[in-house]
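Add 5 to the 1-based position in the sequence shown for the working numbering, that's all there is to it. Glycine included, C-beta positions come from ideal geometry on N, C-alpha and C.
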Amino acid sequence: MIKDEINKIHCKDWLTNNLPDKSVQLIIADPPYFEVKGSFDFIWASFEDYLKDVEKWAIECKRVLADNGTLIWWGMDRKIAYSQIIFDKYFNLIGTPVWEKPSTANEWDTRRTFPERAAERFLIYDNEWESEEWSKTGLERIMEEHIAPRHPFALYLKSEFKKAGVTNIEISALFPSKTGRLTGCVSNWLNGQNTITEEQYLKIRAYLNGEYLRKEYEDLRKEYEDLRRPFDNKRGLTDVFRYKRVYNATHPTQKPELLTTALIETCSRVGDLVLVPFAGSGTECAMAARNKRNFIGYDIEQKYVDMSNKRCKYIFQTPTLF
């Protein structure tokens with residue numbers, strides 16, 4: 006990946022990207038839904054052909070998404086289940102939220118069904134799952150292969166306990182169970198399965214007379230959090246997102262800025278790289294820029310690429326108060 010490619014939208018098929026493996030922390034994809042809206046939605050000869058491309062998209066998402074990354078995939082309510090079946094083979098599904106938006110019911114009365122277009126769905130995945138052939142759960146695998154070997158608490162505790170010459174049983178005795186027996190808490194800390202609390206950390210430090218465990222708990226916690234998948238739900242969001250539609254939209258499937266900002270702030274950190282495979286009007290790219298994330302976007306229509314880059318350039322050139 007060339008540095009000059011970052012923080013721009015490129016006019017090409019996103020499958021031809023130059024992104025290194027596991028280089029993206031957040032993917033927000035609003036792909037064609039298949040024969041719903043916009044000329045780009047009607048380029049496949051059949052739904053089966055469309056699903057073949059969905060599989061290609063899923064495989065490429067798997068390649069570029071970091072181990073602690075998040076994937077958000079939009080879709081139409083009646084067809085997104087087909088995409089979910091495909092993505093479930095490569096990722097771990099952690100949510101199926103909906104975007105609730107105002108709609109008029111009267112126009113659907115003649116069809117004797119509930120109104121459509123009153124909501125859109127999106128899938129949220131993390132990168133903890135390889136395939137259904139794995140005997141271990143995705144959580145166990147990610148802990149063993151990616152977090153445990155670098156787990157700051159586990160590594161530091163092992164090192165300090167060895168220096169102090171104490172055994173796991175000796176430390177476990179500081180935290181008896183309700184029955185008075187030894188617990189397995191120390192083993193869980195040392196293999197990265199659980200994270201020690203600050204109270205527990207300070208109790209062990211006191212037991213060792215302050216000669217060991219001198220590293221501050223908050224420093225270790227920050228190292229640990231940096232390894233984990235970002236999820237800062239300070240807005241108190243649920244699986245129903247209530248945001249107004251975009252009126253006078255410049256793209257047929259444009260999403261609201263507030264909704265997009267909520268997803269970016271919750272599922273990524275400042276400085277992360279956000280991939281937008283189907284940039285459209287550029288909302289995801291622009292909101293990434295506004296919230297101090299890096300981004301890289303793609304779209305196959307030049308008019309939308311030009312529009313999106315112009316929108317992002319305005320954000321970069323506009324001074325902020327903070």
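Just to confirm the assignment, what range does the beta strand (DSSP E) spanning residue i have?
i: Asn73; result: Leu70 to Gly80
i: Lys13; result: Lys13 to Cys16
i: Ala34; result: Val29 to Ala34
i: Trp194; result: Taken as a continuous stretch (DSSP letters only), Trp194 belongs to no beta strand (DSSP E), being part of the alpha helix (DSSP H) at Cys190 to Leu195.
i: Tyr130; result: Ala124 to Asp131
i: Asn97; result: Asn97 to Gly100
i: Glu105; result: Val103 to Glu105
Suppose the cutoff is 6 Å on Cβ atoms and the five residues either side in sequence are ignored; what does the same chain contact list for residue i look like?
i: His15; result: Tyr303
i: Glu40; result: Asp46 and Phe47
i: Glu65; result: Leu20
i: Phe85; result: Sequence check: residue 85 is Ile here, not Phe. Cβ neighbours of Ile85 beyond the five flanking positions: Arg126.
i: Lys297; result: Val275
i: Cys190; result: Phe180
i: Glu105; result: Ala124, Val245 and Arg247
i: Val59; result: Ser88 and Ile91
Identify, in the order they occur along the chain, each residue of the same chain with its Cβ nearer than 8 Å to the Cβ of residue i, setting aside the five sequence neighbours on each side.
i: Thr323; result: none
i: Leu207; result: Tyr222
i: Asn299; result: Ile11, Asn12, Gly276, Asp277, Leu278, Val279 and Ala293
i: Leu98; result: Gln89, Phe92, Leu128, Ile129 and Tyr130
i: Ser313; result: Ile14, Ala284, Gly285, Ser286, Gly287, Cys290, Ala291, Gly302 and Asp304
i: Gln307; result: Cys16
i: Ala254; result: Ser286
So, for residue i: in the same chain, excluding its five sequence neighbours on each side, which residues have a beta-carbon less than 7 Å away from its beta-carbon?
i: Gly100; result: Ile129 and Asp244
i: Leu225; result: Pro157, Phe158 and Tyr161
i: Ala63; result: Ile91, Phe92 and Tyr95
i: Tyr38; result: Asp46, Gly80, Met81 and Lys84
Start and end of the alpha helix (DSSP H) containing residue i?
i: Asp224; result: Tyr222 to Leu232
i: Arg298; result: Per DSSP, Arg298 belongs to no alpha helix (DSSP H) and is neither H nor E.
i: Leu278; result: Looking at the DSSP string, Leu278 is not in any alpha helix (DSSP H); the run it does join, the beta strand (DSSP E), is Leu278 to Val281.
i: Asn173; result: Asn173 to Ser177
i: Lys163; result: Pro157 to Ala169
i: Leu207; result: Glu203 to Tyr212
i: Ala86; result: Ile85 to Phe92
i: Tyr319; result: Gln307 to Gln322
Using only alpha-carbon positions, find the residue among the options that is nearest to residue i.
i: Asp131; options: Ser273, Val281 and Lys297; result: Ser273
i: Asn22; options: Ile301, Asn314 and Phe321; result: Ile301
i: Glu289; options: Gln307, Ile305, Thr265 and Glu306; result: Thr265
i: Arg295; options: Ile33, Trp49 and Leu263; result: Leu263
i: Ile32; options: Pro25, Asn314 and Ile77; result: Ile77
i: Arg83; options: Phe52, Gly287 and Pro181; result: Phe52
i: Gly74; options: Asn193, Pro235, Gly285 and Trp49; result: Pro235
i: Ser192; options: Glu204, Glu203 and Glu175; result: Glu175
i: Leu24; options: Pro282, Lys308 and Cys317; result: Pro282
i: Lys27; options: Glu216, Asn214, Arg68 and Cys317; result: Arg68
i: Leu213; options: Tyr252, Ala71, Ala123 and Lys168; result: Lys168
i: Ser164; options: Lys183, Lys220 and Gly43; result: Lys220
i: Pro36; options: Glu204, Leu232 and Leu56; result: Leu56
i: Ala71; options: Tyr217, Leu232, Val59 and Asp237; result: Leu232
Should residue i be labelled buried (16 or more other beta-carbon atoms within 10 Å of its own) or exposed?
i: Arg240; result: exposed
i: Ala211; result: exposed
i: Thr258; result: buried
i: Ser140; result: Legend: pLDDT at Ser140 = 45, less than 50; position of this residue unreliable, no value from coordinates given.
i: Tyr319; result: exposed
i: Phe246; result: buried
i: Lys260; result: buried
i: Phe166; result: buried
i: Gly80; result: buried
i: Asp9; result: exposed
i: Glu270; result: buried
i: Ala50; result: exposed
Less than 8 Å between the CB of residue i and some heavy atom of the ligand PLP, yes or no?
i: Ala211; result: With respect to the ligand PLP, the structure shown offers nothing to examine, as it has no ligands at all.
Segments of 4+ residues assigned as alpha helix (DSSP H) that fall wholly inside the stretch 230-272: 262-272
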